[in-house]
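Residues in the sequence shown are numbered from 619 upward in steps of one, following this note's numbering.
Just so it is clear, CB atoms sit at the ideal spot from N, CA and C, and this is done for glycine as well.
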Amino acid sequence: MTYKRILVALDHSPQTEGIFTQALDLAKQEKAALMLFHCLPVENQGVGFYGDMFGRELVDFSRRMQEKMRKETDETQKWLAGYCQKATDEGVATEWTCKIGDAGSAIRDLVKSWDADLVVIGRRGRRGLTEVLLGSVSNHVVHHVPCSVLVVQGVANETSET
619 MTYKRILVAL
629 DHSPQTEGIF
639 TQALDLAKQE
649 KAALMLFHCL
659 PVENQGVGFY
669 GDMFGRELVD
679 FSRRMQEKMR
689 KETDETQKWL
699 AGYCQKATDE
709 GVATEWTCKI
719 GDAGSAIRDL
729 VKSWDADLVV
739 IGRRGRRGLT
749 EVLLGSVSNH
759 VVHHVPCSVL
769 VVQGVANETS
779 ET
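Written out as structure tokens, the structure reads:
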């Protein structure tokens with residue numbers, strides 16, 4: 619199978635460099651374009667309603683969270699632009715995007731809107747109760763995108779429970 623549009627889901631884990639390198643090598647081999655993607659989690663929903671109910675403390679908290687999100691977004695954009703430049707320097711047509719929300723759903727939506735034919739994503743190796751509690755973005759992607767998925771296995775940082 620030939621791939622023309624490869625979506626690469628990156629996070630700030632230790633395996634990110636390996637995921638990027640595998641996707642870049644594949645893109646060069648296939649003469650494919652890359653879309654680099656990172657998703658920032660939503661940390662503060664519904665503050666408007668609760669701010670009215672609980673007053674100034676929650677409104678101040680909301681402002682701090684919004685400022686934190688702006689800072690994280692700026693840092694993430696610079697980080698993705700750096701990876702984009704590396705790929706471009708290697709002769710691969712590359713773009714990037716960053717979203718705020720649920721990573722699995724955002725990847726699914728981007729696969730459809732960008733018309734990706736391959737997703738490259740990492741997996742931390744969570745198992746058992748840890749996976750149930752924290753979820754698995756790679757598992758969600760494998761089951762909900764209409765294209766091929768390359769899952770790059772990493773080593774879990776936490777103790778695995780089966």
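Counting only the Cα atoms, residue 693 lies some 30 Å from residue 647. Nearest Cα to residue 655 within the set 724, 756, 769, 742: 724.
Annotation: the continuous alpha helix (DSSP H) that includes residue 722 extends over 721 to 732. Two segments are said to touch when three or more pairs of C-beta atoms, one from each, lie closer than 8 Å; by this definition the segment 730 to 745 touches the segment 754 to 768. In this model, residue 707 and residue 738 are separated by some 20 Å (Cα to Cα). Exclusion of the five residues before and after residue 690 leaves 658 as the residues of its chain whose Cβ lies within less than 8 Å of its Cβ. As the crow flies, the alpha-carbon of residue 643 is around 24 Å from that of residue 757. The alpha-carbon of residue 633 is positioned some 19 Å away from that of residue 736. Around the beta carbon of residue 709, fewer than 16 other beta carbons lie within 10 angstroms, which makes this residue exposed. Distance check between residue 770 and each of 621, 641, 624 places 641 closest, using alpha-carbon atoms only.
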